[in-house]
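Per this note's numbering: the sequence shown = residues 114 to 400. C-beta: ideal position from N, C-alpha, C; glycine also. For clarity, every value in this text was computed on a predicted model and none was experimentally measured. Accompanying notes for the structure given below.
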Amino acid sequence: MPELPEVENIVQGLREHVVGRKIANIIIHKPLIIKGPYRLRRQQAIDTLQSKTVTAVIRRAKRLIITTDCPLSIIVQLGMTGKFLISPPNAPLAPHTHAVIKFLDNRELRFIDPRRFGRICFIENLDPENPDPAMIAAGFGKLGPDALDCTLPEFLQMLDSKRVIKTLLLDQTRIAGLGNIYVDEALHQANIHPASIACYLSKKKAEKLLTCINNILHSAIKHGGTTFSDYRNAYGELGRFKQFLKVYQRTDQPCRKCSTSIERVKIAGRSSHYCPKCQKLKPKSKV
Ligand SMILES: [Zn+2]
114 MPELPEVENI VQGLREHVVG RKIANIIIHK PLIIKGPYRL RRQQAIDTLQ
164 SKTVTAVIRR AKRLIITTDC PLSIIVQLGM TGKFLISPPN APLAPHTHAV
214 IKFLDNRELR FIDPRRFGRI CFIENLDPEN PDPAMIAAGF GKLGPDALDC
264 TLPEFLQMLD SKRVIKTLLL DQTRIAGLGN IYVDEALHQA NIHPASIACY
314 LSKKKAEKLL TCINNILHSA IKHGGTTFSD YRNAYGELGR FKQFLKVYQR
364 TDQPCRKCST SIERVKIAGR SSHYCPKCQK LKPKSKV
């Protein structure tokens, strides 16, 4: 599932190709992927967007937002397997192409999603500087601060909880953009056991964790994200960060810090990968 670095890479790729281009038409091949206020009147949204120019492509957590020079914006959640491809006109449609934005210069932006957990919404009056109110009005869930913008006071406030750190970091309403891969990697880099109780972390350790989250996300963005199966950027390229992963999906392989075998446990229904030596569980003391 694409997390913050993968979505950021797609956004950067799309920005280069679609900002400033005029929309000629939008073709929806699979109406079920359209959600939100225009679900039943999508043609009205499409008619409104015709001849409008794309003004920006931005990211909010794992959501991708295409704004235009009219009050309608397009929000995309990639779900498990959603991806975009920039295609020349008349290129054959890949299987599972559910929507196509055609531009006046004949270039096409195609949305492909084999497992169909992705969704596309048309929403009104979204402020690119502060997109949350319009998204909430359109029925999207509330999001916590973006993992790349989260300040130390916000992070410390979030950690003031008896919840398990792994579960808390995956909760998009508390800190947004992280998923299983980057949470496991950040906890390993910070030497924190994924089942640690959040409020038992010392301030120093919490500060270290926030730094590690930032380091890992920036590094993953730089290397094009992580591809396990479906993720591709807007050019159809694979992410290259997989080779830098220290724990995620490395069960029974040696820890890259201490050579102990990486273990996998289920925490709140999610697999967590960690090193039992570098990430010791000290549940009832400040670690
Ligand atoms: Zn280790």
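Per DSSP, which one or two residues make a beta bridge with residue i?
{"i": "PHE216", "result": "ILE136"}
{"i": "ILE225", "result": "LYS196 and THR210"}
{"i": "ILE375", "result": "Paired residues: none, contrary to the question."}
{"i": "TYR387", "result": "GLU376"}
{"i": "VAL124", "result": "In DSSP, VAL124 forms no bridge with anything."}
{"i": "GLU237", "result": "LEU185"}
{"i": "GLN190", "result": "ARG176 and ARG232"}
{"i": "VAL360", "result": "Bridge partners of VAL360: none, in fact."}
{"i": "ASP262", "result": "ASP262 is not bridged to any residue."}
{"i": "ALA250", "result": "Per DSSP, none; premise fails for ALA250."}
{"i": "ARG353", "result": "THR339"}
{"i": "PRO367", "result": "SER374"}
{"i": "THR166", "result": "LYS135"}
{"i": "LYS148", "result": "CYS234"}
Nearest to residue i by alpha carbon, out of the options?
{"i": "ASP240", "options": "THR168, SER372 and LEU314", "result": "THR168"}
{"i": "HIS125", "options": "PHE357, ALA212, ASP182 and LEU198", "result": "Here the sequence assigns Gln to residue 125, which means His is not the residue at that position. Comparing Cα positions, the closest option is LEU198."}
{"i": "LYS143", "options": "GLY231, SER315, PRO202 and LYS215", "result": "GLY231"}
{"i": "THR194", "options": "PRO184, THR210 and LEU206", "result": "THR210"}
{"i": "ILE140", "options": "VAL213, LYS196 and GLN163", "result": "VAL213"}
{"i": "LEU283", "options": "ASP262, GLN302, LEU269 and GLY257", "result": "GLY257"}
{"i": "LEU394", "options": "HIS301, GLN163 and LYS317", "result": "HIS301"}
{"i": "ASP226", "options": "PRO208, ASN243, PHE216 and LYS215", "result": "PRO208"}
{"i": "LEU272", "options": "CYS234, ALA319, ASN243 and ASP262", "result": "ALA319"}
{"i": "VAL378", "options": "THR364, ARG369, LYS370 and SER372", "result": "THR364"}
{"i": "HIS130", "options": "LYS275, LEU291, CYS312 and ILE179", "result": "ILE179"}
{"i": "ARG57", "options": "THR181, GLY337, SER374 and VAL189", "result": "Because the chain in this structure spans residues 114 to 400, residue 57 falls outside the shown range and cannot be described."}
{"i": "ARG128", "options": "LEU145, THR166 and PRO150", "result": "THR166"}
{"i": "TYR348", "options": "GLU267, LYS196 and CYS325", "result": "LYS196"}
{"i": "LEU291", "options": "ASP262, ALA247 and ALA137", "result": "ASP262"}
{"i": "ALA233", "options": "PHE216, PRO184 and ILE159", "result": "According to the sequence shown, residue 233 is Ile rather than Ala. Of the candidates PHE216, PRO184 and ILE159, the one whose C-alpha sits nearest the C-alpha of ILE233 is ILE159."}
{"i": "ALA289", "options": "ASN327, LYS317, ILE310 and LYS316", "result": "ASN327"}
{"i": "PRO115", "options": "ASN293, LYS317, CYS312 and SER274", "result": "ASN293"}
{"i": "ASN243", "options": "CYS312, ILE171 and ALA311", "result": "ILE171"}
{"i": "PRO201", "options": "GLY133, PHE216 and LEU351", "result": "PHE216"}
{"i": "LYS275", "options": "THR373, LEU177 and TYR313", "result": "TYR313"}
Taking 8 angstroms as the CB-CB cut-off, is residue i touching chain C?
{"i": "THR161", "result": "In the displayed structure, chain C is absent; only one protein chain is listed."}
Let me confirm a value: residue i is counted as buried when at least 16 other C-beta atoms fall within 10 Å, else exposed. Which label applies?
{"i": "THR264", "result": "exposed"}
{"i": "HIS331", "result": "exposed"}
{"i": "SER186", "result": "buried"}
{"i": "ILE123", "result": "buried"}
{"i": "ARG228", "result": "exposed"}
{"i": "GLN392", "result": "buried"}
{"i": "VAL120", "result": "buried"}
{"i": "ARG154", "result": "exposed"}
{"i": "GLN157", "result": "exposed"}
{"i": "ALA204", "result": "exposed"}
{"i": "LYS335", "result": "exposed"}
{"i": "CYS371", "result": "exposed"}
{"i": "LYS175", "result": "buried"}
{"i": "PRO246", "result": "exposed"}
{"i": "PRO118", "result": "buried"}
{"i": "LEU145", "result": "exposed"}
{"i": "GLY352", "result": "buried"}
Spell out a yes or no on whether the stretch 276-286 and the stretch 375-395 are touching, meaning 3 or more CB-CB pairs, one atom from each, closer than 8 angstroms.
yes
Taking contact to mean at least 3 C-beta pairs separated by less than 8 angstroms, is the stretch 290-308 in contact with the stretch 346-361?
Output reads yes: the stretch 346-361 touches the stretch 290-308.
Does the structure place the stretch 340-348 close enough to the stretch 298-315 that three or more beta carbon pairs sit under 8 angstroms?
no
Inter-stretch contact (C-beta, 8 angstroms, three-pair minimum) for the stretch 217-224 and the stretch 246-264
no
Runs of 4 residues minimum, wholly inside the stretch 279-310: which ones carry the alpha helix (DSSP H) assignment?
293-302
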